[in-house]
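Sequences listed follow chains A and B, in order. Under numbering that gives the first Met the number 0, think of the first position of the first sequence as 0, with each following residue one higher. Under numbering that gives the first Met the number 0, think of the first position of the second sequence as 0, with each following residue one higher.
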Amino acid sequence: MSGKEYRTITDVKGPLVFLEKTEPVAYGEIVQLRLTDGSMKNGQVLDTSDDMVVVQVFEGTAGVDLGTGVKFMGDVFKLPVSKDLIGRILDGAGRPRDGGPAIVAEGEADIIGAAINPYSRQSPHDFIQTGISAIDCCTTLVRGQKLPIFSASGLPHNDIALQIARQAKLKDSDEEFIVVFCAMGITAEEYNFFRSDLERTGALENAVLFVNLADDPAVERLITPRLALTAAEYLAFEHDYHVLVVYTDVTNYCDALRQIGAAREEVPGRRGYPGYMYTDLAMLYERAGLVKGKKGSITQFPILTMPGDDITHPIPDLSGYITEGQIVISRELHGSGIYPPINVLPSLSRLMGGCIGEKTTREDHKSVSDQMYAAYAQGRELRGLVAIVGEDALNERDKQLLDFSGLFEDKFLRQSRDEDRSIDETLDLCWDLMQNISTKYLVRLDQKWIDKYHPTEKK
Amino acid sequence: MSDENGVIYRISGPVVTATGIRSRMYEVVRVGHEGLMGEVIELHGDKSVIQVYEDTSGIRPGEPVVRTGQTLSVQLGPGLLTQIYDGIQRPLPVLEKTMGTFIERGVDADGLDLEKVWDFEATVSVGDEVAPGAVIGTVQETETIVHKVMLPPNHSGKVASIESGSFNVTQTVCTLEDGTEIQMMQKWPVRTPRPYHQKYAPDTPLVTGMRILDFLFPLAKGGAAGIPGPFGSGKTVTQQSLAKYSDAQIVVYIGCGERGNEMTEVLDEFPHLIDPNTGKPLMNRTVMIANTSNMPVAAREASVYTGITIAEYFRDMGYDVALMADSTSRWAEAMREISSRLEEMPGEEGYPAYLSSRLAEFYERAGRVETLEGEDGSVTVIGAVSPPGGDISEPVSQGTLRIVKVFWGLDAGLARQRHFPAINWLSSYSLYPQSLDQWFRDNIASDFPEIRTEISSLLQVEAELQEIVQLVGSDALPVDQQLTLEVARMIREFFLQQNGFHEVDAYSGLEQQYKMAKAILTFQDSAKKALAAGGQLEDVVNVPARTNLMRDRFEAGYLDRVDGLVDEMNKQIAAAAEDN
Ligand SMILES: Nc1ncnc2c1ncn2[C@@H]1O[C@H](COP(=O)(O)OP(=O)(O)O)[C@@H](O)[C@H]1O
Ligand SMILES: [Mg+2]
Chain A
0 MSGKEYRTIT DVKGPLVFLE KTEPVAYGEI VQLRLTDGSM KNGQVLDTSD DMVVVQVFEG
60 TAGVDLGTGV KFMGDVFKLP VSKDLIGRIL DGAGRPRDGG PAIVAEGEAD IIGAAINPYS
120 RQSPHDFIQT GISAIDCCTT LVRGQKLPIF SASGLPHNDI ALQIARQAKL KDSDEEFIVV
180 FCAMGITAEE YNFFRSDLER TGALENAVLF VNLADDPAVE RLITPRLALT AAEYLAFEHD
240 YHVLVVYTDV TNYCDALRQI GAAREEVPGR RGYPGYMYTD LAMLYERAGL VKGKKGSITQ
300 FPILTMPGDD ITHPIPDLSG YITEGQIVIS RELHGSGIYP PINVLPSLSR LMGGCIGEKT
360 TREDHKSVSD QMYAAYAQGR ELRGLVAIVG EDALNERDKQ LLDFSGLFED KFLRQSRDED
420 RSIDETLDLC WDLMQNISTK YLVRLDQKWI DKYHPTEKK
Chain B
0 MSDENGVIYR ISGPVVTATG IRSRMYEVVR VGHEGLMGEV IELHGDKSVI QVYEDTSGIR
60 PGEPVVRTGQ TLSVQLGPGL LTQIYDGIQR PLPVLEKTMG TFIERGVDAD GLDLEKVWDF
120 EATVSVGDEV APGAVIGTVQ ETETIVHKVM LPPNHSGKVA SIESGSFNVT QTVCTLEDGT
180 EIQMMQKWPV RTPRPYHQKY APDTPLVTGM RILDFLFPLA KGGAAGIPGP FGSGKTVTQQ
240 SLAKYSDAQI VVYIGCGERG NEMTEVLDEF PHLIDPNTGK PLMNRTVMIA NTSNMPVAAR
300 EASVYTGITI AEYFRDMGYD VALMADSTSR WAEAMREISS RLEEMPGEEG YPAYLSSRLA
360 EFYERAGRVE TLEGEDGSVT VIGAVSPPGG DISEPVSQGT LRIVKVFWGL DAGLARQRHF
420 PAINWLSSYS LYPQSLDQWF RDNIASDFPE IRTEISSLLQ VEAELQEIVQ LVGSDALPVD
480 QQLTLEVARM IREFFLQQNG FHEVDAYSGL EQQYKMAKAI LTFQDSAKKA LAAGGQLEDV
540 VNVPARTNLM RDRFEAGYLD RVDGLVDEMN KQIAAAAEDN
């Protein structure tokens with residue numbers, strides 16, 4: 000049904016258009032608007048009743064007037080899906096942006112995406128080696144995980160995301176990931192940085208890009224990640240691919256959500272973001288994982304910039320409540336010239352426990368990671384104390400821990416942008432650094448691993 | 000158009016308005032051509048406002064709405080245990096069978112398997128007078144749990160016929176003289192608490208195997224506890240540990256608006272994990288409800304009621320039931336979302352004004368009761384709370400803390416130090432020790448409460464000393480205070496820390512908890528003596544036997560070895576003093 004065109008707009012407010020009584024219009028239905036100058040816009044139904052329909056216009060309402068024609072397309076938003084998506088660059092609404100032909104669809108998929116039945120999920124457990132020590136050792140990434148980067152403006156999150164996309168592999172396997180990249184309101188410069196890196200490494204041929212840039216319509220951002228995830232689900236669960244979805248910047252997405260909420264005069268939640276933002280974000284983040292009986296997987300790597308570097312801001316806060324951990328980028332480490340400036344202390348991989356150890360990474364991994372972490376945490380805390388009382392007031396244990404925290408940052412965290420460390424190299428490096436602490440203070444290490452791996456005390 | 004059938008007037012997300020039906024509040028209705036399930040939550044003149052338990056995309060005004068005459072109810076009877084449901088009691092395995100991997104909409108599923116045949120054993124005879132709630136027979140539901148088939152609370156009379164044998168849950172197993180036919184399945188409206196004779200004051204602890212909880216902040220069977228904490232602080236791990244190790248007979252675990260994979264994990268693990276209290280797989284005593292964050296919010300709102308009604312039903316059989324809800328904040332947010340669609344006047348932070356009364360009503364369904372049958376049964380409720388930014392001044396945390404008597408406060412700082420469980424020992428509290436102390440004295444040790452007090456005050460003193468250390472460094476303290484810091488460190492690292500995933504140390508029996516606490520105090524005494532005799536602090540605290548005492552808890556059979564390890568430690572400490 001692609002019915003008649005209505006000219007019954009009564010109100011236009013922000014990105015919303017209000018129409019009077021029409022034929023019965025479906026909730027979520029796609030809408031086409033024909034402006035009086037002949038140009039076209041797209042939208043979606045947010046509220047529908049016998050008397051009134053509310054439409055959210057993706058491209059914004061600039062130029063819309065009461066004479067604008069509105070046509071209801073009879074269906075909810077769908078993405079034409081096909082294996083041919085691989086290697087393509089599409090815009091934020093799913094139209095080709097690379098000058099290539101239209102996608103010849105093998106099928107159509109509803110972009111809202113139904114929830115995976117929790118009973119049908121399979122627990123992720125395959126270790127992904129990123130080659131970055133801080134991540135592999137302390138916040139291990141697992142295939143099928145949703146692990147965001149919490150960053151802030153001016154920090155090298157894009158470099159880290161790209162390094163991961165380049166280096167990510169299963170240990171002892173060269174199975175490749177398909178990268179689905181989704182840009183939401185980032186600058187053209189940032190986008191070019193991503194694209195040229197993917198191009199340079201040949202990854203572009205194995206990638207699908209959905210691109211909504213800073214000067215593209217803001218409301219469109221609300222559908223861009225849904226398109227990307229729909230493509231990812233199709234490739235993973237219909238064609239057995241292992242898909243890595245990188246999307247950036249979730250903060251721009253949330254701001255678009257807030258804009259709609261404000262235009263609808265909804266009661267705002269914290270800092271003006273809608274009360275349903277948790278549920279809305281969950282409907283993106285939960286589209287990750289593995290399911291029983293399918294070979295493919297979706298691993299999500301969302302990037303968000305924390306407004307004011309504040310981790311309690313609703314965007315990182317609600318994200319952290321949904322995702323399976325977070326990798327936190329630190330301005331302080333970046334300032335002291337460390338790349339990758341990952342602060343492991345607030346970082347977390349919730350799925351790590353089930354994926355490390357003898358069969359997957361190495362038998363001493365858990366013990367080593369706990370000890371590295373604890374020693375670094377204590378050493379960092381001592382820095383504050385030393386600033387007040389001076390190093391002389393420290394006892395032997397504290398002195399060693401303090402020194403260790405410096406080494407941790409300089410030798411363990413620091414690596415170059417193309418340095419790809421194997422998990423064995425990473426763990427050996429840990430042992431090497433832990434020599435600087437007397438074993439009697441290494442209470443988190445199992446004696447058996449000290450006996451086996453400690454460079455000077457092994458038996 | 001009759002009163003039974005109406006049409007959709009408006010659709011706004013999960014809220015649909017219908018005209019043309021004369022429905023009752025909380026009545027279940029069928030919405031649209033696909034017959035989506037919904038519940039009437041507001042009446043306005045001829046309009047019924049309905050919250051719909053499934054996604055409403057693609058539904059149009061003018062589609063039909065049909066009354067069912069029923070309020071939102073659960074099916075109760077054999078077959079609940081080991082099952083996993085969504086928020087409105089649809090079994091997820093059944094949904095998988097009918098729809099595949101993704102949950103599509105418009106599918107009905109019975110909460111109980113109506114075909115499955117159970118061995119019913121009658122426990123009353125023809126001619127017996129049976130009162131409401133009376134047990135009339137039993138079914139061995141799982142290896143460890145006997146399901147008691149009860150007369151529904153609104154029935155009573157004289158048994159006219161009853162028969163043991165194999166029946167499914169809808170077949171009549173008993174008739175009363177007034178002709179009432181009783182089946183093993185009964186239905187109960189989820190928003191109505193099930194009746195009991197009277198509530199008792201709790202006097203028995205829910206033993207959890209977690210030292211910080213049992214020893215410092217115990218929860219009573221029939222009590223209620225809140226676990227607030229920012230993301231990543233350990234709410235879910237704590238709740239799962241409680242589901243694994245607590246000595247409840249039945250566990251109802253509600254994943255309310257949280258991660259899908261966390262439910263999968265429970266499903267994967269529980270069939271293989273052994274209940275330390277029965278020696279049988281944990282799954283046998285567990286009912287799960289999973290309405291994850293991306294599943295419909297209206298069903299999320301219902302999920303806690305579905306869970307607590309099932310919990311009450313097992314309580315009525317005389318069982319001790321523990322219910323975990325992870326997270327009650329997501330439930331509150333579901334209320335907020337629906338309320339805002341109804342354009343209700345918002346209260347604090349956009350939550351509806353009735354938030355705190357809903358929270359109170361929910362936690363009030365916890366309790367230790369005398370059942371209608373005269374048995375002792377309990378429902379213990381443990382609710383996780385997810386305060387935005389970890390700040391518990393917000394309405395859900397505050398509303399919860401006003402009601403519950405146990406507050407286990409999770410602390411991001413501790414989690415960051417990987418101190419688990421990251422429960423803050425200074426801010427947490429339990430109001431139960433008064434009523435539980437007698438039990439601890441009778442069952443564990445006559446000085447149990449005094450030992451607890453000593454341990455808590457050491458932690459208090461440590462906090463005060465730490466403030467000084469922050470200014471002058473620990474070396475500047477007198478040696479006895481340095482020892483106190485060392486003892487407090489031992490409490491934290493040896494006693495309070497407990498890795499929820501460790502094969503051995505994740506569970507610690509009460510007797511072992513008591514011995515470990517005593518061992519710490521013994522260390523303090525011996526060390527004090529040694530220092531008085533001229534020993535050096537550094538030598539005294541670093542005796543290898545103390546490290547052994549601490550590390551050895553990771554090996555099985557620790558309880559039997561503790562005493563020996565403590566003796567050895569004492570010897571070495573005494574020797575350290577003499578060497579000087
Ligand atoms: N008792 C515990 N023992 C060991 N690790 C824990 C414990 N509690 C929490 N953790 C660690 O912290 C992470 C986050 O805990 P979780 O319970 O998922 O937090 P929350 O539910 O509060 O977000 C877990 O993945 C685990 O690594
Ligand atoms: Mg949790």
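We put the beta carbon where it would ideally sit given N, CA and C, even for glycine.
- The Cβ neighbour count for Gly533(B), taken over all protein chains shown within 10 Å, is under 16; the residue is labelled exposed.
- Contact check for Ala365(B) against Gly222(B) passes: the beta carbons are separated by less than 8 Å.
- Within the region 323-345 of chain B, the residues whose Cβ lies closer than 7 Å to some Cβ of chain A are Glu332, Arg335, Glu336, Ser339, Pro345, listed in chain order.
- Residue contact check for Val296(B) against chain A: a CB pair falls below 8 Å.
- When the Cα atoms are used, Lys46(B) and Pro60(B) turn out to be separated by approximately 13 Å.
- Lys458(A) has a beta carbon lying at 8 Å or more from every beta carbon in chain B.
- With 16 or more other Cβ atoms inside 10 Å of its own Cβ, Pro201(B) counts as buried.
- When CB distances to chain A are screened at a threshold of 9 Å, the residues of the region 75-93 of chain B falling below it are Ile83, Asp85, Pro90, Leu91, Pro92, in chain order.
- With a contact defined as Cβ atoms closer than 8 Å, Ile226(B) and Leu435(B) miss out at about 19 Å.
- Comparing alpha carbon positions, the residue from Leu175(B), Gln433(B), Ile83(B) closest to Tyr252(B) is Ile83(B).
- When C-beta distances to chain B are compared with 9 Å, the residues of the region 423-439 of chain A below that value are Lys439, in chain order.
- Here Leu464(B) is not near Ile490(B), since their CB atoms are 8 Å or more apart.
- If you check the CB distance, Ile102(B) and Met294(B) come in under 8 Å.
- Contacts with chain B at 8 Å (Cβ-Cβ) do not include Asn205(A).
- Around the Cβ of His43(B), a 10 Å sphere holds fewer than 16 other Cβ atoms; the residue is exposed.
- Contact annotation, Met568(B) with Ala544(B): C-beta distance approximately 4 Å; criterion of less than 8 Å satisfied.
- Taking non-hydrogen atoms of ligand 1 into account, the C-beta of Asn498(B) is found less than 7 Å away from one of them.
- In terms of beta-carbon proximity, Glu95(B) lines the interface with chain A, with at least one pair separated by less than 8 Å.
- In its chain, beyond the 5 residues on either side, Arg96, Asp97, Leu208, Val210 have a beta carbon closer than 7 Å to the beta carbon of Ile88(A).
- Distances from the alpha-carbon of Asp279(A) to those of Glu257(B), Gln535(B), Glu537(B), Glu268(B) put Glu257(B) closest.
- Between Ser150(A) and Thr304(A), the gap from beta carbon to beta carbon is short of 8 Å.
- Residues of the region 485-499 of chain B with a C-beta atom less than 8 Å from some C-beta of chain A are Glu492, listed in chain order.
- Within the same chain, Ile83, Tyr84, Asp85, Ala289 come within 7 Å of Leu91(B) by CB-CB distance, once the 5 residues on both sides are set aside.
- Under DSSP, the beta-bridge partners assigned to Phe180(A) are Leu208(A), Val245(A).
- Judged by DSSP in its simplified three-state form, Pro448(B) adopts helix.
- Between Leu32(A) and Val69(A), the C-beta gap is smaller than 8 Å, which places the two residues in contact.
- Under the DSSP definition of a beta bridge, Leu32(A) partners with Lys40(A), Val69(A).
- Neighbours of Gly61(B) in chain A, taken as residues whose beta carbon is under 7 Å from its own, are Pro23 in chain order.
- Residue side-chain check: Lys234(B) places its Cβ nearer than 7 Å to a non-hydrogen atom of ligand 2.
- If you draw a 10 Å sphere on the C-beta of Lys234(B), you find 16 or more other C-beta atoms in it, and that means buried.
- In terms of CA proximity to Gly66(A), Glu4(A) leads the group Gln43(A), Val52(A), Glu4(A), Gly27(A).
- For Glu456(A) and Trp407(B), the gap between their C-alpha atoms comes out near 41 Å.
- Between Lys439(A) and Lys570(B), the alpha-carbon positions lie close to 20 Å from each other.
- Segment contact: the region 373-391 of chain B against the region 314-321 of chain B, three or more CB-CB distances shorter than 8 Å; contact assigned.
- Residue contact with chain B for Ile297(A): absent (no Cβ-Cβ distance below 8 Å to any residue of chain B).
- Interface annotation for the region 356-372 of chain B against chain A: empty, criterion Cβ-Cβ distance under 9 Å.
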